[in-house]
DNA sequence: GGTTGCTTTCAGGCGACTCTCAGGATTCAC
DNA sequence: GTGAATCCTGAGAGTCGCCTGAAAGCAACC
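Protein chains in written order, with our numbering: chain A, 3 to 234; chain B, 3 to 234.
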């Protein structure tokens, strides 16, 4: 997981900064550029392990950039970023090999998960495990499947993302603002009450199966996923 | 813990002085400015380890300042300060990476705790341990959990903050005024009798578990957390 | 086009927490 | 020993945060 190099290519500075900051915090080594030409240069010199590439760039589009890269022998997998309306037709044919694509706006937790999934598949570097198991809950991130005490649990996409975020920070209180910023799309404009709602949904599905409530409320602070094991 | 540089950005001189004084006393190296432009300059020259940033500034808002900072390669984590009513909409997207936010009015002890928590997570400098253990009481600050002789104790937020403050000054008498100033929000307008009440609450919860009363009354002066062990 | 499931908001209700007050207990000075 | 200051603590009013059910928007899928 150490020293994974990510190249970010996006012409919107906001997105670039957002991605840089949060991927750097997630432990990646980050380099960000704003157009296709710079991307080709940076990829040549920096030898990234994965490339985050906005499909619509000022100078060239995703097709051209990847074509150029491949012709230069740069085979790092690409995670394409596209606006929501330009989905199907523009992207088809792009995600060959280990590539993948995400629509904007995305959630920060989700993009880290996708990067790890791609690296796992292409296996060019050591990555996180695809199975996240904390206490009585087990998540298979490749299959998007959740088990509580071995019993499968059916979760909606948002429920799944929330649970994954909580489980990747066990025994640490997370504020509702942090949860909102990591689990919801970055342009989400609503209130934090939605976190309460989804915690309630998760509890309703999980608590009947587990031996004890796993998501604890820390009144006035936030929520915490409790793992009984690591009791220090 | 030595030589941690904090940059304070707030347009209200009162808040600026309050923060400067108390953070300096807490052992930080402090620099304070009153607007976004100065903040960018100061951050560039001073290379702070953490930035305290009011969201609403006269010239630019928190978003713009951080954007500018990030684009300049300054990746110091940011602790945002926001008024209580402008929480939801203004705050979304702020707690990226190691960042966090607090609502005004805050308590001084709380802000020091949050600064340490952020530095701990981003690990760019040596910081205090997340576990505070003095005598028979142990506090896990990440989980907001308290143990007395290994037994978990359930505390309200204010009880927790009071205990933490007492424990971080063991074997030293703290006056009620000091306690009020550090544990309660800076605009608290009530009487000091409330400290007596909360000390009473703490004793009722802790004394049955510990071998001896831990919070001692120094009549006419204040209270002291007694630690038999670390007598320095 | 209608059905279905998911997301998001909202409001009622409930329990927990904060803060105040006052009577009783303790300590200290003299 | 007496009085005065200080502290302790139980009771209570009011507030705040959190939970949850209900329902309105959305989007995807037959």
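Where is the CB? At the ideal position from N, CA and C, for every residue including glycine.
Can the beta-carbon of residue i be found closer than 7 Å to that of residue j?
i              : j              : result
residue 173(A) : residue 213(A) : no
residue 217(B) : residue 197(B) : no
residue 45(A)  : residue 71(A)  : yes
residue 136(B) : residue 164(B) : no
residue 111(B) : residue 27(B)  : no
residue 62(A)  : residue 38(A)  : yes
residue 32(A)  : residue 41(A)  : no
residue 175(B) : residue 114(B) : no
residue 76(B)  : residue 8(B)   : no
residue 105(B) : residue 122(B) : no
residue 145(A) : residue 211(A) : no
residue 56(B)  : residue 19(B)  : no
residue 187(A) : residue 60(A)  : no
residue 79(B)  : residue 124(B) : yes
residue 54(A)  : residue 120(A) : no
residue 204(B) : residue 161(B) : yes
residue 97(B)  : residue 179(A) : yes
residue 201(B) : residue 227(B) : no
Would you verify that the beta carbon of residue i is, or is not, closer than 7 Å to some beta carbon of chain B?
i              : result
residue 222(A) : yes
residue 27(A)  : yes
residue 143(A) : no
residue 233(A) : Only weak support is given to the placement of residue 233(A): the predicted model assigns it a pLDDT of 39, under 50, and the value that follows is read from those uncertain coordinates. By this cut-off, residue 233(A) is not an interface position.
residue 24(A)  : yes
residue 173(A) : yes
residue 188(A) : yes
residue 179(A) : yes
residue 40(A)  : no
residue 13(A)  : no
residue 19(A)  : yes
In terms of DSSP beta bridges, what is residue i paired with?
i              : result
residue 178(A) : Bridge partners of residue 178(A): none, in fact.
residue 227(A) : 217(A)
residue 154(B) : 149(B)
residue 135(A) : 140(A)
residue 83(B)  : 56(B), 104(B)
residue 7(A)   : 31(A)
residue 63(A)  : 58(A)
residue 109(A) : 187(A)
Can you check whether the C-beta of residue i is within less than 7 Å of a C-beta belonging to chain A?
i              : result
residue 72(B)  : yes
residue 159(B) : yes
residue 57(B)  : no
residue 230(B) : no
residue 69(B)  : yes
residue 97(B)  : yes
residue 90(B)  : For residue 90(B), the predicted structure reports a pLDDT of 49, less than 50, and the residue's modelled location is therefore unreliable. The matter cannot be settled from this model.
residue 137(B) : no
residue 100(B) : yes
residue 184(B) : no
residue 60(B)  : no
residue 146(B) : yes
Pick out whichever of the options has its Cα sitting closest to the Cα of residue i.
i              : options                      : result
residue 65(A)  : 109(A), 50(A), 51(A), 82(A)  : 82(A)
residue 143(B) : 17(B), 149(B), 134(B)        : 134(B)
residue 128(A) : 14(A), 30(A), 13(A)          : 30(A)
residue 192(A) : 95(B), 201(B), 17(B)         : 95(B)
residue 221(A) : 156(B), 178(B), 199(B)       : 156(B)
residue 169(A) : 141(A), 147(A), 154(A)       : 141(A)
residue 5(A)   : 215(A), 138(A), 50(A), 67(A) : 50(A)
residue 17(A)  : 139(B), 219(B), 73(B)        : 73(B)
residue 43(B)  : 21(B), 84(B), 68(B)          : 68(B)
residue 109(B) : 147(B), 190(B), 101(B)       : 190(B)
residue 14(B)  : 47(B), 48(B), 84(B)          : 84(B)
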